[in-house]
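Participant: Here it is, the structure in full.
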Amino acid sequence: MTECEAEIAALAQDLSGLRRVWPDMAVSQDLGLYGDDITEFIMALADRYGEWVWDWPWARFADDREGVGCLAIFGLPWLLLCWLFRARSRGLHQVQELERLEIGHIAAVIDRGVWFEP
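When the letters of the sequence shown are read in order and numbered with the numbering used here, they come out as residues 200 to 317.
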């Protein structure tokens with residue numbers, strides 16, 4: 200593991216709560232970083248390596264939306280009806296597939312100083 204990979208893995212480890220983070224682990228699929236966690240991760244990277252980190256295509260690799268709040272239970276019947284109506288017209292299963300962005304690739308991009316595709 201390179202020094203850059205180790206630094207990024209340490210950041211990801213703090214946010215994910217995992218004991219070990221390896222270069223081949225992806226931010227969403229393996230580390231479970233999404234919502235505020237992925238935003239904190241990007242902020243930490245930007246603080247350490249520069250603001251250009253924000254320009255990367257993060258939406259392809261991580262979901263920065265948070266989960267549902269506890270008051271959403273009151274709107275659940277309405278959401279269920281809306282979902283069923285939409286499901287009839289568009290099909291039931293439309294899950295956004297996120298691409299893998301691995302810690303090792305993040306380190307390689309930082310080392311090169313320019314974004315490149317994984």
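Virtual Cβ for every residue (Gly too), placed ideally from N, Cα, C.
Which residues share a DSSP beta bridge with alanine 307?
Facilitator: None, per the DSSP bridge assignment.
Participant: Taking the straight line between their C-alpha atoms, what separation do you get for glycine 231 and serine 215?
Facilitator: Rounded to whole angstroms, glycine 231 to serine 215 spans 7 Å at the Cα level.
Participant: In chain order, what residues of the same chain lie with their CB nearer than 8 Å to the CB of aspartate 310, ignoring the 5 residues before and after it?
Facilitator: Once the five neighbours on either side are set aside, the close Cβ partners of aspartate 310 are Thr201 and Cys203.
Participant: Determine the DSSP secondary structure at alanine 209, reduced to helix, strand or coil.
Facilitator: Here alanine 209 sits in helix by DSSP.
Participant: Alpha carbon to alpha carbon, how far is glutamate 316 from leucine 297? Give it in angstroms, no decimals.
Facilitator: About 14 Å.
Participant: Please check the pair tyrosine 233 and alanine 211, which I expect to be a contact at CB under 8 Å, by giving their CB distance rounded to whole angstroms.
Facilitator: 13 Å between Cβ atoms; not a contact.
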